[in-house]
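Trainee: According to numbering that gives the first Met the number 0, the sequence shown is numbered sequentially starting from 0. Glycine is no exception: its CB is placed at the ideal position from the N, C-alpha and C atoms. The structure presented is a predicted model; accordingly, all values stated were derived computationally and were not measured. Before I ask anything, let me first share the structure, which is written out below as structure tokens.
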Amino acid sequence: MTPEKLSKMKLQELEKQEKALRIATPVLGGLLVVMFVLSILLFIRQGFSAFSTMPVAFLPLLIVNIINLKKVRKEIASRK
């Protein structure tokens, strides 16, 4: 999210966005942990496969969600 888009959003929209990110980020983090564990087990049993790289491929999504959540919280705090 660009700062321009956040500054144009209403406070109610920002709070809705924060709630969605607050729920989605831990869920995505939990799924990534499960994916890491399963990919390690799969690697031990069957060796390297394309599925072993999936958790690493999804890691940037988690990072972007965390950054966006911080930006939304900062914008909400600046308005209150």
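#1: Evaluate contact between the region 39 to 57 and the region 6 to 22, counting only Cβ atoms and requiring at least three cross-stretch pairs below 8 angstroms.
#2: Where does G95 fall in DSSP's three states?
#3: In chain order, which alpha helix (DSSP H) runs of at least 4 residues are fully inside the region 0 to 72?
#4: Return the Cβ separation of I66 and L13 in integer angstroms, given the expectation that the two are a contact with Cβ distance under 8 angstroms.
#5: So is K73 buried or exposed if we call it buried at 16+ other beta carbons inside 10 Å?
Mentor: Concretely, from the data shown:
#1: no
#2: Lying before the first or after the last residue shown, residue 95 is absent from the chain, which here runs from 0 to 79.
#3: 2 to 7 and 10 to 45
#4: I66 to L13, Cβ: 15 angstroms. No contact.
#5: exposed
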